[in-house]
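Numbering (my numbering), first residue to last: 6 to 386.
Report on the following structure.
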Ligand SMILES: Cc1ncc(COP(=O)(O)O)c(C=O)c1O
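Shown next, in the form of structure tokens:
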């Protein structure tokens, strides 16, 4: 089966007495035993549930992995990945990383006795140099948030493997449709299912995927022990969204390309960060590594935070909101949203200026989006 078919058919067989084409929601906390001699295949929803099981099979097949565990949020999935490190271990986190992962590195893992430091994922030599004898994990992502740099996933994964470090890759921004990190050599993929996987901005969820049975078992055990499981209804909704991932991503990407090309020529936009533009520093790498260039872009408008705010607050179709990857276009202001946990100096050091807006391009009519940007940018005078 190919990608779009897998999303619709893997694990999804006629269900129950009525042979339902769409699997029902098993909204139950527990399952009855026929006798004490026969342990049922599913007994308690924190540990297992049919809706969770189907979703896990589909995400695993789309990522090219054998073991998927779904979680109540992307952060729960990243926390599970972090549980692979113990007191005395060292964890490396890319300097360009989602704000929530940065917070784990700053505020959670050090309290557990885990040493943490950063590396520049754009340069595999920086990873090589940062590895210590006790380094257990390296966590990175691509395209990065919010300035959409693309890093060489295969080169970083190879460095990790050669040095005996587990590689953990956050594939949220690309989705399994655009990029296959396990095939590029990564050990463990994490996702915020909240974004493209669900795609409709109505569920918070996460996932880990791997081909390593030990890592797969460790993720499941962590879920079971900590209770970070998603509800059956959230799994059902996520699967409903996931079925259309391919068609959504194609439209997301074509809308983003049109908008990026338009904005690159716009006199009030100082800079467009989008890997699909030939002017982007990582364009060639993105072309090699990804099936298409994604639907996240960032723009620098005017010269100041005030001017960025004027534009951000001036849209009529695009909504000012956190998050990404849904059918509706959203604009975010990183200093007050995803990167609020960093100081201004830290943001500047990561190339996040105060006039930066991040856009998650949805699947609306692209002409409506372009018109909306025109009128919002006109507010700059
Ligand atoms: C790249 C990335 N990873 C992880 C997360 C965390 O996901 P969640 O909000 O589902 O916990 C986010 C959320 O924005 C994200 O953008």
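Using N, Cα and C, we set each Cβ at its ideal position, and we do this for glycine too.
Neighbourhood of residue 151 by C-beta, 6 Å cutoff - its chain only, sequence neighbours within 5 removed: Cβ neighbours of residue 151 within its own chain (closer than 6 Å, five residues either side excluded): 303, 339 and 363.
Inter-residue spacing [alpha-carbon to alpha-carbon] between residue 137 and residue 146: Here the C-alpha atom of residue 137 lies approximately 21 Å from the C-alpha atom of residue 146.
Residues of its chain near residue 92, where Cβ-Cβ distance is below 8 Å and the 5 sequence neighbours each way are ignored: 117, 118 and 119.
Segment limits, alpha helix (DSSP H) that includes residue 35: Per DSSP, residue 35 belongs to no alpha helix (DSSP H) and is neither H nor E.
Rounded distance between the beta-carbons of residue 179 and residue 74, thought under 8 Å: Your pair residue 74 and residue 179 does not check out as a contact, with CB atoms roughly 20 Å apart and the cut at 8 Å.
Cβ neighbour criterion (16 or more within 10 Å) applied to residue 188: Looking at its Cβ environment, which holds fewer than 16 other Cβ atoms inside 10 Å, residue 188 is exposed.
Cβ pair residue 24, residue 240 closer than 7 Å: Residue 24 is not a Cβ neighbour of residue 240, given a cutoff of 7 Å.
Pair within 7 Å by beta-carbon distance, residue 300 and residue 257: It is a contact, given that the beta carbons lie within the stated cut-off.
Distance, residue 143 Cα to residue 154 Cα: For residue 154 and residue 143, the distance between alpha carbons rounds to 18 Å.
Strand pairing of residue 276, partner residues [DSSP]: As a beta-bridge residue in DSSP terms, residue 276 pairs with 305.
Nonlocal neighbours in the same chain, by C-beta distance under 6 Å from residue 191, ignoring five residues either side: Excluding sequence positions up to five before and after residue 191, its CB lies within less than 6 Å of the CB of 162, 172 and 174, all in the same chain and listed in chain order.
Given 8 Å, three or more beta-carbon pairs between the stretch 343-351 and the stretch 229-244: No: fewer than three Cβ pairs fall under 8 Å.
Pair within 7 Å by beta-carbon distance, residue 21 and residue 59: Not a contact, by the Cβ cut-off of 7 Å.
Residue 74 CB to nearest heavy atom of ligand 1 below 6 Å: No.
Exposed unless 16 or more other CB atoms sit within 10 angstroms - verdict on residue 219: Looking at its Cβ environment, which holds fewer than 16 other Cβ atoms inside 10 Å, residue 219 is exposed.
Euclidean distance between Cα positions of residue 49 and residue 228: The straight-line gap from Cα to Cα measures roughly 13 Å.
C-beta contact flag for residue 202 and residue 247 at 7 Å: Pairing residue 202 with residue 247 gives a Cβ-Cβ distance under 7 Å.
Residue 183 vs residue 295 beta-carbon contact at 7 Å: Residue 295 sits close to residue 183, with the two beta carbons spaced by under 7 Å.
Cα-Cα separation between residue 307 and residue 384, rounded to whole angstroms: Inter-residue distance for residue 307 and residue 384 is about 11 Å (C-alpha atoms, whole angstroms).
Buried or exposed by the 16-neighbour rule on C-beta atoms within 10 Å, applied to residue 6: Classification for residue 6: exposed.
Rounded Cβ spacing between residue 282 and residue 265 (contact assumed at less than 8 Å): With a beta-carbon spacing of about 6 Å, residue 282 and residue 265 fall inside the 8 Å limit used to define contacts.
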